[in-house]
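In UniProt numbering, the protein residues as written are 1 to 575.
This report refers to the structure that appears directly beneath it.
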């Protein structure tokens, strides 16, 4: 089915026409394998929900495999025929950034629906009262007793789908009159392993309790609103109508989905199906029978328990000393950026492709310090667009604007992103061509999610791990063996000449870094200002990068020794 054109596959599945139009307008020609497997299963289950026992779904799929649309499309398809607006689908994500991204997908694909499907977002980005007004109908979302008496038994939802974070969801359950989960048909948990590993105010128990709670009748018996159908498609059903519920279907998605029964037990899954995107190549991808059960949570074996990487991902490592790490990183960046630039120039008939490199560090402090050091180095060497920080040091609006810049094909203001692990999950940036692990993670799961920022949607990508000597190389090899096909990882190197030419600049930039950070502490410099040219000595500002012969650092022991000596200054803040 994945090989069929979008329109033909959708026709066989019975997908709503507005969804097909939206897919085609967004340039989709075929469904991805995981979509071809899970979407028809969801549609068939929804169509026969009165005669079949609904089964919950657990889906393990690598990042970039199309899993967001795998739940967006069936949810919207199921709601395409709804008459009364109720909160039918709840989509929970672990962070604001991920929630905002998924909300954007829902909002884009609900367009053209005959019943004007509406999507809500609750992540705490706006004031709570303003958020209440967007979720609940009426002019007053006050929590006072007088307003509670006006709330009909079924609630007065203004949205069909709510995308939210756990903490904000609990806030609305506690403090928003009329907000109810009694009509919920879909509970989608994206990045499920992360959400299940943390309690988040006991949100799981709260959600399930609210879903199965008895309907609360209106406190004002004189209120006739229980018989009213609003002009925008909402209604207030009688208590007996509310009790006629369909079974809640739970959908869990993650690139590293757990099979731990203890963690999954809190969700009270009903006879769950387990879809594994990595099994697809061993199964037929033609015909409507693709949507069959491929095992349940008891079908655990070694092959399924391993994490896996996208086939298009090239993995490699480069070894150096701790002192060499910042310079090796700079050399890797310059080498890759030059390579991508030359690749674009060699294809004059094609539009110049946007390329972004993502660098991961181990902490917020390391992210900021490394960003500042690289910004100084890029300014000193005239290396082009300075790197940009993406972390929780930025507020929500700043992160959202940065994501828009990264996803705008015509915006070339970002070529290198320095990130903390908060970005390692779910963020969809189509232009990421390489990921560099400046600080290697200690867990295979984190490594998988970081690498998942590239090689998405069938595109090629590269992941490079910078290893501090043989000790860390051994630790990384052990970590990588927890992921399928560890033999795919190769060794690479950086050009000694490229490293050697930046050492003089590096020495001066390390000194400037202290001044930059001190200026930030004194509020003389914004921590988000990317251009640090004015903080460089005048002797450095006009210096041009040198061109040298192409030698490898790993194959030139004398040069390596020289570099180690040149970088032996105190670098504890940047390594």
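Built from N, CA and C at the ideal position, the CB exists for glycine as well.
- Just measuring C-alpha positions, the residue of 25, 110, 10, 187 sitting nearest residue 91 is 187.
- By the CB criterion at 8 Å, residue 389 and residue 357 fall outside the cutoff.
- If you look at residue 467, you'll find it isn't in any alpha helix (DSSP H); it sits in the beta strand (DSSP E) that goes 461 to 468.
- Secondary structure of residue 56 (DSSP, three-state): coil.
- Just so you know, the alpha carbons of residue 249 and residue 115 end up roughly 22 Å apart.
- Residue 269 sits in coil when the DSSP states are folded into three classes, being neither helix nor strand.
- Looking at the DSSP output, residue 319 shares a beta bridge with 467.
- A distance below 7 Å between beta-carbons, with the five flanking residues on each side excluded, links residue 107 to the following residues of its chain, in chain order: 119.
- Between the C-alpha atoms of residue 87 and residue 529 there is a straight-line separation of about 42 Å.
- Below 8 Å, enough C-beta pairs join the stretch 441 to 448 and the stretch 307 to 326 to call them touching: three or more.
- Only buried fits residue 403, as 16 or more other CB atoms lie within 10 angstroms of its CB.
- Residue pairing from DSSP leaves residue 261 without any beta-bridge partner.
- Here residue 498 carries a helix assignment [DSSP, helix/strand/coil].
- Taking residue 373 as the centre and dropping the five residues before and after it, the same chain places the C-beta of 326, 509, 510, 513, 574 closer than 8 Å to its C-beta, in chain order.
- When DSSP states are grouped into helix, strand and coil, residue 434 belongs to the strand group.
- Between residue 93 and residue 84, the C-beta spacing is not below 8 Å.
- Take the alpha-carbon of residue 409 and the one of residue 105: they are about 18 Å apart.
- Beta-bridge analysis with DSSP links residue 490 to 316.
- With contacts defined as CB atoms closer than 8 Å, residue 137 and residue 193 fail to qualify as a contacting pair.
- Contact annotation, residue 268 with residue 208: C-beta distance approximately 6 Å; criterion of less than 8 Å satisfied.
- Taking a contact as a CB-CB distance under 8 Å, the pair residue 79 and residue 174 does not count as one, their CB atoms being some 26 Å apart.
- If you draw a straight line from the Cα of residue 534 to the Cα of residue 541, it comes to about 8 Å.
- Exclusion of the five residues before and after residue 196 leaves 263 as the residues of its chain whose Cβ lies within less than 6 Å of its Cβ.
- Residue pairing from DSSP places residue 419 in a beta bridge opposite 360, 390.
- A residue is called buried once 16 or more other Cβ atoms fall within 10 Å of its Cβ, and residue 495 is buried on that count.
- In the three-state scheme derived from DSSP, where H, G and I count as helix and E and B as strand, residue 175 is classed as helix.
- Just so you know, the alpha carbons of residue 376 and residue 89 end up roughly 47 Å apart.
- Inclusion of residue 353 and residue 344 in the CB contact set at 8 Å is warranted, their separation being smaller than that value.
- Relative to the Cα of residue 501, the nearest Cα in the group 70, 185, 316, 328 belongs to 328.
- Annotation for residue 455: no alpha helix (DSSP H) segment contains it, and DSSP assigns it neither H nor E.
- Secondary structure of residue 20 (DSSP, three-state): helix.
- Remark: C-beta atoms of residue 163 and residue 121 approach each other more closely than 8 Å.
- 125 is the residue among 129, 125, 158 whose C-alpha sits nearest the C-alpha of residue 165.
- Separation of residue 168 and residue 203 (C-alpha to C-alpha, rounded to the nearest whole angstrom) is 10 Å.
- Contact check for residue 379 against residue 387 fails: the beta carbons are separated by 8 Å or more.
- Comparing alpha carbon positions, the residue from 335, 523, 396, 484 closest to residue 492 is 335.
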